[in-house]
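2 protein chains.
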Amino acid sequence: MNNAKFATALHILTLLDLSEGERLSSEYIAGSINLNPALVRKEISNLRKLGFISSKEGNGGGCSLARPADNILLSEIYQAVRQAPLLGRTNTPNPDCPVGKQINEHLNDLYTEAELSLTSKLEHKTLKDFGKKFQSA
Amino acid sequence: MNNAKFATALHILTLLDLSEGERLSSEYIAGSINLNPALVRKEISNLRKLGFISSKEGNGGGCSLARPADNILLSEIYQAVRQAPLLGRTNTPNPDCPVGKQINEHLNDLYTEAELSLTSKLEHKTLKDFGKKFQSA
DNA sequence: TCATCTGTAATAATTATTGTTACAGTACAA
DNA sequence: TTGTACTGTAACAATAATTATTACAGATGA
Chain Y
680 MNNAKFATAL HILTLLDLSE GERLSSEYIA GSINLNPALV RKEISNLRKL GFISSKEGNG
740 GGCSLARPAD NILLSEIYQA VRQAPLLGRT NTPNPDCPVG KQINEHLNDL YTEAELSLTS
800 KLEHKTLKDF GKKFQSA
Chain P
680 MNNAKFATAL HILTLLDLSE GERLSSEYIA GSINLNPALV RKEISNLRKL GFISSKEGNG
740 GGCSLARPAD NILLSEIYQA VRQAPLLGRT NTPNPDCPVG KQINEHLNDL YTEAELSLTS
800 KLEHKTLKDF GKKFQSA
């Protein structure tokens, strides 16, 4: 997870939340994130396929939230962009060593547990909650 | 944290725990992890500077635990190899946008909270606990 | 004095991530 | 029906992170 995908996804969804239903273009969103529009469209595409966003092509098009923001958990957003375990990769250790043979299994157990600890934390926060932090802006 | 440093560090420390005080060479450890000895020595160097390991140069040298394994928390090992926030980087958003201007601050709060949730989980596990999983091998 | 090992640096190779450009296809509006 | 403004996606380039390799000075004990 050494990338900015979570930050990007949350930024996109926050803008859509605060736009109150009005469709935003990828160009506009990219301007706020300060990121390439094509990258933004890629992340939008991902979030659309997962049902967070609905989008409309063509003139006057853009995207908006497909679900109410108080119904979107930050844990779901994390899952949407998650690619690798939080604590990092494992090695490919020597199977002839008693430790090497077993360690990945034990590491994966630990990684799973760590992941659960994180997601259960993020389950208590909604996109709406996050968006509220910006209302005084 | 898209690297295998945590896995590598824990592997090293587990081997040292199970060797029961006997010094191990970086060559031997590298063989178990299936990693380049120079990389292993780098990680050993890191763990030594942080007080987890003591090492001895020269013929018959090698490294061993500097602290009892039941006194080493997995959270400490995580801290030893931690480089970037768990949930990833932030972007460098547009400061002229009300969301872009504030989002990194809110993201960092969230990242900190997530980090705490993880470390408090890992505080309940010691290197000894982890090593015990291998005793039936 | 030799062999073995650490510690470290320099450098290369590989992979992950981000950025760029291009363009077909959709939708609306004049 | 033509123009304009978008999305969606692919192909590719550039940059950065990660891992691998090699080399060697210095320590240590036999």
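If you're matching them up, the sequences are chains Y and P in order.
So for the first sequence, our numbering puts the first residue at 680; every next one is plus one.
So for the second sequence, our numbering puts the first residue at 680; every next one is plus one.
Glycine included, C-beta positions come from ideal geometry on N, C-alpha and C.
Because the structure is a prediction, the values reported are computed rather than measured.
- Message: Shorter than 7 angstroms, the distance from the beta carbon of K735/Y to the closest heavy atom of the ligand HEM, or not?
- Response: This structure does not include the ligand HEM; it has no bound ligands of any sort.
- Task: Determine the direct distance from the alpha carbon of N770/P to that of A816/P, and round the result to whole angstroms.
- Result: For A816/P, the predicted model reports a pLDDT of 48, less than 50, meaning its position is unreliable; a value from the coordinates is still stated below. The alpha-carbon separation between A816/P and N770/P amounts to approximately 46 angstroms.
- alpha helix (DSSP H) runs wholly inside the region 709–769 of chain Y, at least 4 long, in chain order: Listed in chain order, the alpha helix (DSSP H) elements of length 4 or more contained wholly in the region 709–769 of chain Y are 716–728 and 753–760.
- Message: For a quick check, are the C-beta atoms of N715/P and R768/Y less than 8 angstroms apart?
- Response: The answer is no: Cβ separation not under 8 angstroms.
- Query: Distance, Cα to Cα, K728/Y vs A745/Y?
  - Reply: Cα to Cα, K728/Y sits roughly 11 angstroms from A745/Y.
- Whose C-beta lies closer than 8 angstroms to the C-beta of T805/P among residues of the same chain, with five residues either side of it excluded? A distance below 8 angstroms between beta-carbons, with the five flanking residues on each side excluded, links T805/P to the following residues of its chain, in chain order: A748, D749, N750, I751, L752 and L753.
- Task: Would you decide whether P772/P is buried or exposed? Buried here means 16 or more other CB atoms lie within 10 Å of its CB.
- Result: Around the beta carbon of P772/P, 16 or more other beta carbons sit within 10 angstroms, so the residue counts as buried.
- Message: Under 8 angstroms, Cβ to Cβ, is there at least one residue of chain Y near A816/P?
- Response: Bear in mind that a pLDDT of 48 at A816/P, under 50, signals an unreliable position, so the model cannot answer this.
- Message: According to DSSP, simplified to helix, strand and coil, what is T791/P?
- Response: In the three-state scheme derived from DSSP, where H, G and I count as helix and E and B as strand, T791/P is classed as helix.
- Burial state of L766/P (16 or more Cβ within 10 Å): The residue in question, L766/P, is buried, as its Cβ has 16 or more Cβ neighbours within 10 Å.
- Tell me which same chain residues have a C-beta within less than 6 angstroms of the C-beta of S799/Y, skipping the five on either side of it? Taken in chain order, the list of residues that qualify is empty.
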